[in-house]
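The next block holds one structure in the form of structure tokens; read it before the comments.
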Amino acid sequence: MTHLDALNARQLEAALHTEGPLLIIAGAGAGKTKTITSRIIHLIVEKGVPPRQILAVTFTNKAADEMRERVRSLVPAGRSLPLIATFHAFGVRVLREFHKEAGLPRAFSIWDRDDSARAIKRAQDGLDDESMTPRQILSAISHAKSRSLSPEEYEESARSARAKSITRIWRVYESSLASEGALDFDDILLRTHSLLRAQAAVREKLQKRFSHITIDEYQDTNAVQYEIISFLSGEKKNVCVVGDGDQNIYSWRGADLEYLLDFERAYPGTKIVTLEQNYRSTRTILSAANGIIEKNVRRKPKNLFTENETGEAIEMYGARNEMDEAWFVATTIQTLIGSGVRANKIAVLYRENFQSRVLEEALLHFGIPYRVLGTKFFERKEVKDVLSYVRAARNPLSRLDIARAAGAPPRGIGKVTLEKMFSGAALSGAAAKKVAHFRESLSKISSAIDTFPASEAVRAAIEISGIERMYPQGEASPSGEAGERLENIRELVNLATRYDYEQPPQGIEKLLEEAALQSDQDELPAADSQEADAVSLMTVHASKGLEFDAIFVTGLEQGLFPSLREGAPSSDAVRDPEEERRLFYVALTRARKRLFLSYADERMRYGTREHTIPSEFLSDLDPRLVRHANPGSDYGENIIT
DNA sequence: ACACTGTGAGTTTTT
DNA sequence: CTCACAGTGT
């Protein structure tokens with residue numbers, strides 16, 4: 055029973071409840087992941103549940119990776135492993151397996167936000183409406199889809215002129231998806247949902263396959279996901295959900311807290327376990343966090359406590375500008391490292407990605423190793439270019455990929471020729487020749503995919519496409535932008551080797567799936583020992599579920615954090631005014647021992663200096679917990695103008 | 001067909 | 001400031 059030894063009474067109670075619905079309300083740092091992994095191990099080891107019958111669903115890849123790692127280390131050698139995946143990855147697997155029943159092509163493509171935005175723009179082209187950006191339209195559509203609305207239902211429910219034109223574009227967008235054999239992120243869930251609803255045979259098969267289901271971060275569940283779970287759980291209702299209402303920070307993505315609050319109603323006989331002891335943070339940090347979240351009205355009161363020591367005061371630094379702030383962060387980190395704190399136990403958090411830039415400059419200046427999470431490897435142009443060849447070869451319906459591939463590198467196939475190509479119109483002699491050559495390239499790549507291991511196939515795509523010609527190397531060694539792009543292309547081959555063990559087409563399938571669904575790069579590049587011990591920079595959203603000894607929360611200014619985005623009349627999503635506060639709460643509760651908060655009086659934005667006002671959150675902190683870093687002494691010297 | 005060049009526009013947060 | 005894009009010139 056070693057896997058249960060380390061649990062407290064409540065955690066144990068949760069881990070031992072193995073049959074019937076279970077709701078675990080787990081405060082920040084209360085050992086949520088530990089509890090559910092122990093429970094999974096318990097199911098396997100003590101209850102004799104075959105690992106393959108266990109499904110654990112998470113919302114982010116990071117969470118899935120972490121849970122998989124923990125489970126792997128505890129499952130007795132030789133046993134298979136449970137299926138641990140994000141909702142989207144799970145959906146893709148189901149849809150690939152049952153593509154026929156789902157009415158999808160074997161090798162359907164997945165469009166990321168960028169692909170979708172392009173398609174929206176194309177859809178918008180013929181229509182008059184220029185008042186909305188593709189992004190705005192896309193987010194309206196996405197929000198509607200996450201509520202499981204059809205275009206008709208959406209138009210009916212919104213009834214505005216704006217909704218009307220969105221619907222019109224939406225219909226065109228849907229027909230592009232269909233004709234290109236593609237799904238967007240929302241479709242992955244929607245199609246899984248409708249497959250389960252419409253096909254009893256598939257539904258029953260999956261219910262049988264997965265006897266026990268666990269959902270992590272349940273507070274982030276949206277309508278479609280909720281229904282997928284209830285289809286999967288069937289009669290047995292062996293569903294274990296874990297969540298914390300105070301950490302719901304994805305309502306803009308359609309996540310609805312109601313599903314957490316209503317779980318016991320939806321699943322009668324639910325056992326509820328509340329985990330309130332925090333093992334992560336010092337008393338000081340936890341008091342501050344509790345004080346912040348208590349200001350929210352719409353929440354279930356929770357009494358999160360800790361037996362940890364009081365620890366150090368929270369340090370606050372009011373900077374003159376964003377460079378001064380970055381300097382403060384860098385010098386403080388240097389001091390921390392000097393006093394023995396490992397760099398990889400330190401994280402710098404911010405509300406918006408653009409803030410990382412100055413921070414990077416300062417860290418670089420001090421020679422502090424760092425890594426930025428959220429640099430999306432698979433969204434880089436050169437990587438997408440290579441993959442567009444692979445995807446076009448796999449899915450010949452994909453105009454988007456074909457168009458992209460045709461232009462990288464330029465080969466004399468432009469807009470007009472592409473149109474003719476797609477419509478089957480006659481081509482002039484010269485154009486016909488170019489097109490024939492291009493088609494031949496794709497079919498060579500296609501057969502490489504079918505015969506060689508994944509990395510060989512990718513290498514073939516790179517060679518046949520001649521994509522490297524776009525980034526000519528100077529006399530000097532790989533440096534500058536072209537060199538970096540070539541390195542990324544090489545890195546892609548490297549990544550593909552991880553799937554070389556698969557039978558030929560499947561390795562590529564998996565690579566494409568990863569490319570479509572894996573957004574952060576966090577685990578991708580082989581972390582050599584140097585890189586491994588680095589300070590992490592990331593958005594607060596990206597930090598959810600992680601913990602560090604020392605946390606810096608930067609840019610605490612009105613309009614930035616909390617973000618200003620007043621219930622924009624043009625937006626469909628109803629904004630929850632308490633969400634920013636929850637986000638701040640998430641930021642604070644990442645810290646184990648030290649917490650540093652900072653703001654700048656002036657910040658560069660849109661290329662101009664702007665005066666700012668300290669965040670309202672700061673005045674909500676109990677002053678007894680805070681110590682102000684003296685602007686006159688250590689850091690005041692470092693102001694750059 | 002495409003490279004170049006000014007213009008204008010825009011930044012949440014993630015699968 | 002930076003980036004995508006429309007429009008111009010080759």
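Take any residue in the first sequence, note its place counting from 1, add 54, and you have its number in the working numbering. All C-beta atoms in this analysis are idealised placements derived from N, C-alpha and C, irrespective of residue type, glycine included. Please read all numbers here as calculations on a predicted model, not as lab measurements.
Going by beta-carbon coordinates alone, are residue i and residue j separated by less than 8 Å?
i	j	result
R448	A173	no
D674	G345	yes
S200	V278	yes
L565	Y553	yes
V402	L250	no
L614	R334	no
N542	R434	yes
A236	W165	yes
L109	L135	no
A69	T89	yes
L610	L672	yes
V589	A641	no
D270	N302	no
K290	H71	no
E369	F638	no
K382	S652	First, the amino acid is wrong: residue 382 is Phe here, not Lys. Taking 8 Å as the Cβ cut-off, F382 and S652 qualify as a contacting pair.
A676	A143	The identity of residue 676 in the sequence shown is Asp, whereas the question assumes Ala. Going by C-beta atoms, D676 is not nearer than 8 Å to A143.
A177	Y227	yes
E234	S287	no
R124	T91	yes
V512	A550	yes
E366	R648	yes
I605	R644	yes
V440	L546	yes
Roughly how many angstroms lie between the CA atoms of residue i and residue j, to the nearest whole one?
i	j	result
S393	I387	10 Å
V129	E100	12 Å
A232	A380	48 Å
G520	R337	59 Å
E510	E601	39 Å
L427	K474	42 Å
D587	N407	22 Å
I220	L158	25 Å
E494	S501	11 Å
T695	I400	Caution applies to T695, whose pLDDT of 38 falls short of 50 and renders its modelled position unreliable; the value that the coordinates give is listed next. If I take the Cα positions, the gap works out to 27 Å.
E567	L413	33 Å
Y208	S214	10 Å
A580	K469	The predicted position of A580 is uncertain, since its pLDDT is 41 and thus under 50; a value taken from the coordinates is nonetheless stated next. Their Cα atoms are separated by approximately 40 Å.
G83	A457	48 Å
P623	Q190	Legend: pLDDT at P623 = 39, less than 50; position of this residue unreliable, value from coordinates given subsequently. Cα to Cα, the separation comes out at about 12 Å.
S170	A460	19 Å
T112	E312	18 Å
E281	G81	25 Å
A446	L203	30 Å
L244	K154	16 Å
Can you tell me which of the three DSSP states residue i falls into?
i	result
T72	coil
K647	strand
Y660	coil
M121	helix
P668	strand
T593	strand
A82	coil
V278	helix
R64	helix
I269	strand
G621	The predicted model places G621 with a pLDDT of 43, which falls under 50 and marks its position as unreliable; any figure quoted below should be read in that light. DSSP places G621 in coil when its eight states are reduced to three.
S163	strand
T328	strand
G561	helix
T91	helix
Y653	strand
Report, in whole angstroms, the separation of the C-beta atoms of residue i and residue j, which I expect to be a contact under 8 Å.
i	j	result
K488	R465	6 Å
R374	A654	7 Å
K349	G299	Rounded, the Cβ-Cβ distance is 14 Å, inconsistent with contact.
N332	L314	The Cβ separation is near 19 Å, so there is no contact.
T87	A118	Wrong, their Cβ atoms sit about 11 Å apart, outside the cutoff.
M524	A462	7 Å
Is the beta carbon of residue i within less than 7 Å of some heavy atom of the ligand MG?
i	result
R644	In terms of ligand content, the structure shown is empty, and the ligand MG therefore cannot be addressed.
*Three CB pairs or more closer than 8 Å across the stretch 407 to 423 and the stretch 629 to 648*: Because the criterion of three Cβ pairs below 8 Å is not met, the stretch 407 to 423 and the stretch 629 to 648 do not touch.
_Tell me whether the stretch 255 to 268 and the stretch 191 to 207 touch, counting them as touching only if at least three CB pairs, one residue from each stretch, are closer than 8 Å._
Here the stretch 255 to 268 does not lie against the stretch 191 to 207, with fewer than 3 beta-carbon pairs under 8 Å apart.
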